[in-house]
Structure formats: structure tokens, C-alpha cells
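Residue numbers (our numbering), protein chains in the order written: chain A, 1 to 189; chain B, 1001 to 1189.
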């Protein structure tokens, strides 16, 4: 993983810093324990807003360089006012973003210059589930399909291997395709 | 589910439309088959951008009232430039948004006026997984915790039941706590 390369910044990835980070975590595995957070506030109906700012990592509390806020809502056809994407659309964005970040890092580490990475992520969902109308239908996506277009200075086989390695190391792919335990606490005071 | 209520708009939810939608889907279950999508474009390094606009539902192709775009990146400590939240933070936002939309709808259907709904969603992740440094560590969140604050004109027990019913009918909760099959196709042409 720490092979020396001639070009330290490739695909916008500073590979020297990437390899140094890997070496640092190898020496201090605790540094890799992160906690991410989102704070959400209900606005009206299905419209609500999340704020993303603080997180814990590399041994201390940190903040993003700026605070990010995102609105979610349902479209009118789902009894909302379309003030933002639906929550399930944000999941598709998260998957695309995670796989794409991985592709850029892995290509850089392998010395491959990318010229284009695009993806379309689509998820099929039968709302008879969440509407409570059919107990045989699950609430979430029944399946998700990702279509990648990737171009760069490597043979097709190598480009495909990069996508596959990104899948194998994707946090969001793991969250979606495996199970994460979720606890919910409620305060009414 | 179609109990008549005196106040047709409660918590910003038009309950008449909500119940009419439920009745419409009962009569035509195919209307509930939706496909959501996100299109992502790599920018540089771990920075990429998703566009959310078109979707299929209620029998036809539709568009949101406006096109939504969202940037994702890694912070500097994870070898990015912090142009947006990390992909895994978007997952926490999606979960909070889905549960909160459900809370508002369910409370409205039950005739309860809400005055406040807030939540903080936190996820613990050990990046030794995605960094490939420890094969025993999973790539995604090890656990996710949701802390809700909910207030309204109902006893604590009723407010807790609303959150529980939202959990039981949440699409994103299902995606995270159960498995969704994901296929990835790659085009290099």
C-alpha cells in the first residue's frame, strides 16, 4: 500500500498524504474510531432539516469546515410539498458518493489517472409497504442498481477492478447490503 | 385508517389527502411502485456531486419541482477537502428524515398535534475496515443510535407509540437494519 509513486497528487488525491495516513493508522489503530452525527429538526408535515457539523475522529471532537444543512420532504404525490428529496433518495446519493470516493482513492493508489467517473443509482420500492397496505411488502428498497461509467489511462480490466475494490471497501455499500443495529431512544420531557 | 377528523390539516399534514391517497392505493396497488434515482459525477479526489430530479411513481415518470444537487467529500483528516459531508453522514440524515416524516404523518392520522420533533443520529465506525487494515472490522457503521425528542398534545405513552410506529414503517430504517440487494454494472466505453 505504501509503494512510492512519482506523481504525489493524482485524480485530486494526495497519495503521499493518503499513504502517510494509512501508515499512521497502522501505528495507532484507535485513531480510526470515528463517530459521525446528524441533527434533525421537524419543520412541517414531511418536511424536516438535518444539520451536519461535529464529529469525533483521530482521538478528538472535530468540526467540518462549515456547517451543512439538508432539507428532506415528500413530493406532492406522496402528500408532501417537495421542499427536498425524499429520505430514500438521500440513501442513493450516499451510495454513489461512497463508491465514487473509493474509486478515486484506489485509482490514485494504483497509479491510474481517471478522466471520468459517473454513476446512476436507482432503487425500486413498493410503497404498499410503508403505507401498511400489504404485510408481504418490505418498507425499504427491494433492490438497488448502480450503473458506473469510468474512464482513465488503464485497460478496461483494470478500471473494472477499481470499481470492484471500491465496492469491497465501501462503508455505505456495507450499511445497505448488511445489517446495522439501530437503537432509538425517545425523550418526551 | 380512514377515520374522519375535524381538522383536515394537522402538523402540516393534509390528513384528507393522506387518507384519500391511502384509499387510492388500496384500489390500485400498482400506483405504489416507485423508482427513485440519484446521478453522481466525480469532481476531484473524494469530492463528488449527486443530482436528484426524476423518479417513477403512480404509473409515470415524474420530476421534483426543482433539481436538487448535493456535494459529498471527506474532511482533511480523511484526505479530502471537506467540500461536503461524508457519504456515511448522509445516511444518518436519511434515517432521521425518514423517521421524522413518519412521526408527523402518524401523529396527524391519530389526531395528535405535535409542537416539537428533534433527533440526533450518531453512528460509530472504525475506519480500520475501509482502510483495509483489519479484516475483522466491517466497512460500515458498527451501530447507529437515534435520540428523539418529541412533544405534543398527547400523553408520553402515545408520543412513544408514534415513534415506534414510525420505526415499524420506515423505509430507511428497513434499508439500514435489513439487507438490500445491490447490483453494480460498469461501463468503460
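Don't be surprised by glycine CBs; every beta carbon is placed ideally from N, CA and C.
The C-beta of residue 1082 of chain B comes closer than 8 Å to at least one C-beta of chain A.
DSSP places residue 1057 of chain B within a strand segment (E or B) once states are collapsed to three. Annotated as proximal: residue 96 of chain A and residue 121 of chain A, with beta-carbon spacing under 8 Å. Using a Cβ-Cβ distance cut-off of 8 Å, the segment 79 to 91 of chain A and the segment 44 to 54 of chain A are in contact, since at least three pairs of beta carbons, one from each stretch, lie closer than that value. Per the C-alpha coordinates, the member of A:40, A:134, A:12, A:29 positioned closest to residue 1130 of chain B is A:29. The Cβ atoms of residue 152 of chain A and residue 112 of chain A sit closer than 8 Å to each other. Going by beta carbons, residue 144 of chain A and residue 176 of chain A fall inside the 8 Å limit. Identification of residues in the segment 151 to 169 of chain A having a C-beta nearer than 7 Å to some C-beta of chain B yields 151, 156, 159, 160, 163, 167, 169, given in sequence order.
In the structure shown, residue 1009 of chain B falls within a strand segment according to DSSP collapsed to helix, strand and coil.
Distance from the Cα of residue 73 of chain A is smallest, within the candidate group B:1021, B:1100, B:1054, for B:1100.
No Cβ of chain B is located within less than 8 Å of the beta carbon of residue 112 of chain A. For residue 1106 of chain B, the closest Cβ of chain A is not nearer than 8 Å. When C-alpha distances from residue 117 of chain A are compared across B:1159, B:1041, B:1133, the shortest belongs to B:1041.
Only exposed fits residue 63 of chain A, as fewer than 16 other CB atoms lie within 10 angstroms of its CB. Within chain B, no C-beta atom comes nearer than 8 Å to that of residue 54 of chain A; the closest sits roughly 10 Å away. Taking C-alpha positions only, residue 1044 of chain B is separated from residue 1092 of chain B by approximately 24 Å. Our two residues, residue 189 of chain A and residue 1174 of chain B, have alpha carbons roughly 28 Å apart in a direct line. In this structure the segment 7 to 22 of chain A does not lie against the segment 1101 to 1110 of chain B, because fewer than three pairs of beta carbons, one per stretch, are closer than 8 Å.
Membership of residue 179 of chain A in any beta strand (DSSP E) is not indicated, and neither H nor E is assigned to it by DSSP. Legend: CB atoms of the segment 1017 to 1035 of chain B lying less than 7 Å from CB atoms of chain A belong to residues 1017, 1018, 1021, 1022, 1025, 1026, 1029, 1032, 1033, 1034, 1035. Its Cα nearest to that of residue 184 of chain A, the residue B:1148 stands out among B:1187, B:1157, B:1148.
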